[in-house]
Amino acid sequence: MAATCMLHVQCPECDVVVPITIQAELARGDDDRQTISLEPDLTELWAHAWTHEDGPAGSG
């Protein structure tokens with residue numbers, strides 16, 4: 130079973146809320162154990178982080 134969900138991270142420098150899409154997959158092994166795999170898409174987070182590389186918040 131697979132699903133897509135979203136969580137939000139607040140930037141500690143400028144308080145902007147950045148969305149992160151998560152692909153979640155539930156797998157069941159042969160020994161009746163379940164494994165949850167989470168794969169985040171960090172594109173938006175990296176794009177936001179780059180806005181802070183040139184200087185303080187609001188200058189880039």
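Numbers in our numbering are just positions in the sequence shown, counted from 1, shifted up by 129.
C-beta: ideal position from N, C-alpha, C; glycine also.
Closest residue to residue i among the options (Cα-Cα distance)
| i | options | result |
| --- | --- | --- |
| ALA176 | CYS140, MET130, ILE151 and GLN163 | CYS140 |
| GLU182 | ARG162, MET135, ASP160 and CYS143 | CYS143 |
Integer Cβ distance of residue i from residue j, believed to fall under 8 Å
| i | j | result |
| --- | --- | --- |
| ALA153 | ILE165 | 7 Å |
| MET130 | LEU167 | So it is not a contact: roughly 13 Å between Cβ atoms. |
Run of the alpha helix (DSSP H) containing residue i, from where it starts to where it stops
| i | result |
| --- | --- |
| HIS177 | 172–179 |
Residue i, enclosing beta strand (DSSP E) - first and last residue
| i | result |
| --- | --- |
| PRO148 | 146–157 |
| CYS134 | 131–139 |
The stretch 165–180 in contact with the stretch 139–153 per 3-pair CB rule at 8 Å: yes
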